[in-house]
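Here the structure comes first, spelled out in structure tokens, and everything after it is commentary.
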Amino acid sequence: MPVMKIKKFSFTYSGVEHPSLKSITLPIEKNKITALIGPSGCGKSTLLRSMNRIHDLYPGNKYDGKIELLDFETGKYQNILEIKKENEFIELRQKVGMIFQKPTPFPMSIFDNVAYGLKIAGIKNKSELQDRVEAALKGSALWKEVHDRLDKSAMGLSGGQQQRLCIARAVAVKPEVLLFDEPTSALDPISTGAIEELIVELKKDVSIAIVTHNMQQASRISDYTAFMYLGDLIEYDKTENIFLNPKEKQTEDYITGRFG
Amino acid sequence: MEKIFQKLSLSSATLVFVLLIGIFITLYSAAKPAIDEFGLHFIINPDWNKEIVVETPSLRADTVANDAEDDAIADEDDMILDEDDDEMLLDDEDDTVTKTIYGGLVPIVGTLLTTIIALTFALPIAMGIAVFLAEIAPKNISYVVGIAIELLAAIPSIIFGMWGLYYFAPIVADLVGGYQVSLLTAGLVLGVMILPFMAAITRDSMNTTPAVLKESAYALGATKFEVIKDIIFPYSKVGIIGSIILALGRALGETMAVAFLIGSIFVLPKAINDPTISIPVAMANNFGEASGLGESALFYLALILFIISFAVISLAKFYFLKKAK
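First to last, the protein sequences are chains A and B. Here this note's numbering is used: position 88 in the first sequence is 195, and no number is missing along the way. Here this note's numbering is used: position 35 in the second sequence is 1214, and no number is missing along the way.
Set out below in structure tokens:
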């Protein structure tokens, strides 16, 4: 059962005539990892950023079609493109979290970073905050490294630790979906390995969509892969089929490194 | 070529220190007579240009010298001519002189108070403008308002002074009561003057907040207000403090606008709407006719202003910027 259903979704950036995404239809399966791959400019980040409507921070973009999000309580789908009110946006973004290309620790302590999403969601109880921060840090394999310096600035952590902190921060609010926008492209191989392990670990609790330039990464961690090119979805299938037995010529050319 | 360039840039940098030290030495040597005369008591003495009768002869250096000479002569002539009593009488008359004393308390207090009023008035408004320009306003409006703010910063201070005196001061006096020229009006107009600086610099530093940092806060479900409060303000803290420091520097030294509005009398203000005087205004108004000790006292004031500015700015810089890191 997909947690998100993208249906005939088109997207055009403000001030541009040509659409960046053309009628994309794609499911995001529950408790699975879906990788979006494709050469630069293919629209994979644009698609990812539509899924929590972070694009709407910059006015003037046009879109068409539907992106439906499963409501766990009612079992019904809600079209997130219809959201207009600020409190609905907040609710959406608490359900659909996002991790960015570069680590983005806030200028505050490690504890406050992880607690931030909880605090703005209205959780004030100190022991509950403490418990959830600890759980999130443990879940992000960061607890051992930082438990004795939670009150220190998050800026003092290494790049890999900062990225895991951002994941902990996103996990702490217990989202349904996590969107990863090239989460390891600024990290060294060891940190990358740690983040990959973590993402695989996380799919027990959340459904994951990940944009990556790194095809090995997509083949290592994802269950489903979507190959995009110039705003079109070329092929979507189970990861092993995409990498071992692609149906489309363009997919084959891309994954064998003949273009892109 | 490389060497010449290095030397040129090094000497430009050295020039700053040379100038700074040079100005300090000039001020100090010109203020020396007043410093010797009044000492640190100058800072807490509220009387400026007050004539007092001095009775103790030892206070005047030249009299002391005369006395010593006279005594010596008297000692020699003592046995031959008994004129001692007469001489003592003459001396007494000579030593009872009127003398002018100078104290800097009133302008020092005036300077500090106008600056404090200006800052408390300008800081919240400048932050509001900066937040509006950096985060809330659409791009084209932000652009137009940004230009208006920069133009406001470019208006010569004398125009602010005239506008303040003829239009602003009557309104303030109507609202608050008291005099039209006062600490309050001077402080408020000073606030209007430093406002554009603070707003423009704060906006610039807020604009340096990486978009992705704001996005990740929004992605956690933060509202615009929460992003501004928790992300943008902490991130641009250093720039904001920088803008306050620059504004402080300008407010402490501003002369023309304050001269129009503060009332320029050497009286300690009892209320916020009383007229008084500030250090730069005292110097501008009195330098023309000052001479001797009066002139030196003005230099003493200048030295104090120099030290106040220097202390305030280094304090802000070292204390807050260290904390910000």
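Where is the CB? At the ideal position from N, CA and C, for every residue including glycine. Quick caveat, the model's predicted, so the values are computed rather than measured.
*asked:* What residue range does the alpha helix (DSSP H) around B/Y1479 cover?
replied: 1471-1494
_Taking beta-carbon pairs under 9 Å, can you tell me which members of the stretch 1393-1405 of chain B lie near chain A?_
K1393, E1394, S1395, A1396, Y1397, A1398, L1399, G1400, A1401, T1402, K1403, E1405
*Look up B/A1401 in the DSSP assignment and say whether it is helix, strand or coil.*
coil
*Answer with yes or no whether the minimum CB distance from B/Y1571 to chain A is below 8 Å.*
Residue 1571 of chain B is absent from the model: chain B starts at 1180 and stops at 1504.
_Would A/L143 and A/V313 qualify as a contact pair, given that the criterion is a beta-carbon distance under 8 Å?_
no
*Taking only beta carbons into account, state which residues of the stretch 1369-1392 of chain B come closer than 9 Å to chain A, listed in chain order.*
P1389, A1390, V1391, L1392
*Using a Cβ-Cβ cut-off of 7 Å (strictly less than) and excluding sequence neighbours within five positions of A/F334, which residues of its own chain qualify?*
I144, G145, I341, E342, I349, T358, Y361
*Which whole runs of the beta strand (DSSP E) in the stretch 127-188 of chain A are 3 residues long or more, in chain order?*
128-136, 140-144, 169-177, 184-186
*Assuming A/E175 and A/Y331 form a contact by the criterion Cβ under 8 Å, report the distance between their Cβ atoms to the nearest whole angstrom.*
Wrong, their Cβ atoms sit about 17 Å apart, outside the cutoff.
*Would you check if the distance between the CB atom of B/A1438 and the CB atom of B/N1464 is smaller than 8 Å?*
yes
_Span separating the alpha-carbon of B/L1269 from that of B/V1276_ = Below a pLDDT of 50, predicted positions are generally treated as unreliable, and B/L1269, at 49, falls in that range; no measurement from the model is reported.
*Have a look at A/R156 and A/D295 and give me their C-alpha separation to the nearest angstrom.*
25 Å
*asked:* Using CA atoms only, rank isn't needed, just tell me which of A/G300, A/S127, A/L177 is closest to A/I138.
replied: A small correction: the amino acid at residue 138 of chain A is Asn; Ile does not occupy that position in the sequence shown. It is A/L177.
*In this structure, does DSSP put A/Y340 in helix, strand or coil?*
The question names Tyr, but residue 340 of chain A is Leu in the sequence shown. DSSP places A/L340 in strand when its eight states are reduced to three.
*So, helix, strand or coil for A/L257, using DSSP?*
coil
_7 Å Cβ cut-off: residues of chain A touching B/Y1414_ = P214
_Distance between A/E308 and B/A1398 (C-alpha atoms, nearest Å)_ = 22 Å
_Contact check, A/S247 vs A/A275, beta carbons under 8 Å_ = yes
*Are the beta-carbon atoms belonging to A/L286 and A/M158 less than 8 Å from one another?*
yes
*Contact belief for B/M1435 with B/I1287 at Cβ below 8 Å, rounded distance in angstroms*: Actually they are not in contact, since the Cβ atoms of B/M1435 and B/I1287 sit about 20 Å apart, beyond 8 Å.
_I want to verify the contact list: residues of chain B whose CB lies under 9 Å from the CB of A/E193, in sequence order._
T1402, K1403
_Spatial neighbours of A/P353 within its chain, please: C-beta separation below 6 Å, excluding the five flanking residues on both sides._
E359
*Name the chain B residues whose beta carbon is nearer than 8 Å to that of A/M111?*
Residues of chain B passing the Cβ test: none, with the nearest at roughly 16 Å.
*Rounded to whole angstroms, how far is the Cβ of A/P210 from the Cβ of A/C149, which I believe are closer than 8 Å?*
Not confirmed; about 24 Å, so no contact.
_Is A/M205 close to chain B? Criterion is C-beta to C-beta, closer than 8 Å._
yes
*C-alpha distance - B/I1419 paired with B/V1391, whole-angstrom precision*: 21 Å
*Same chain only: Cβ atoms within 7 Å of A/N220, ignoring 5 sequence neighbours per side*: P212, F213, A261, L272, R276
*Nearest chain B C-beta to A/V280 closer than 8 Å, yes or no?*
yes
*Taking 8 Å as the CB-CB limit, is B/F1407 close to chain A?*
Per the sequence shown, the amino acid found at residue 1407 of chain B is Ile instead of Phe. Answer no: the Cβ-Cβ gap between B/I1407 and chain A never drops below 8 Å.
_Coarse secondary structure for A/G263, derived from DSSP in three states_ = helix
*Out of curiosity, what's the CA-to-CA distance linking B/L1194 and B/L1494?*
23 Å
*For B/I1410, decide whether its Cβ has a neighbour in chain A, counting only Cβ atoms nearer than 8 Å.*
yes
*A/S326, DSSP secondary structure in three states*: helix
*For B/P1303, name the three-state secondary structure that DSSP assigns.*
helix
*asked:* To the nearest angstrom, how far is the alpha carbon of B/F1300 from that of B/L1367?
replied: 7 Å
_A/E124 in three-state terms, based on DSSP_ = coil
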